[in-house]
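Novice:
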Amino acid sequence: MKLVFVVQHLHRLPHDEDDVKMIGVYESRDAAVACVERLASQPGFCDFPQIIDFEKDEDDQGFHVDEYELGRDHWPEGFVTV
Numbered sequence: 005m006k007l008v009f010v011v012q013h014l015h016r017l018p019h020d021e022d023d024v025k026m027i028g029v030y031e032s033r034d035a036a037v038a039c040v041e042r043l044a045s046q047p048g049f050c051d052f053p054q055i056i057d058f059e060k061d062e063d064d065q066g067f068h069v070d071e072y073e074l075g076r077d078h079w080p081e082g083f084v085t086v
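Take 5 as the starting number for the sequence shown in my numbering and just add one per residue.
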């Protein structure tokens, strides 16, 4: 099983529109966190520089570091828009 770590950044635009930026895919959590550390002081990113922890953070604006297994379908049941 090969894992990768996807880094994205989310901030909310007026009218509750999400602006998600795909930052990169890294081979370790440490490399993903190092990416965030490099970008966190840059324009735009510095407004929401934290890595989001959904168990602790109420606001989901900031960096998201998610673990994915390569070669696996991650939305096999589809989705429904509510």
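All C-beta atoms in this analysis are idealised placements derived from N, C-alpha and C, irrespective of residue type, glycine included.
With a threshold of 7 Å on Cβ separation, who are the neighbours of C39 within its own chain once the five nearest residues in sequence on each side are excluded?
Specialist: V11, I27, G28 and Y30
Novice: For the candidate residues M5, R33, G82 and H68, whose alpha-carbon lies nearest to that of D23?
Specialist: H68
Novice: Tell me whether the beta-carbon of Q54 lies closer than 8 Å to the beta-carbon of L14.
Specialist: no
Novice: Should E71 and F9 be called a contact, given that it needs their Cβ atoms to be closer than 8 Å?
Specialist: With contacts defined as CB atoms closer than 8 Å, E71 and F9 qualify as a contacting pair.
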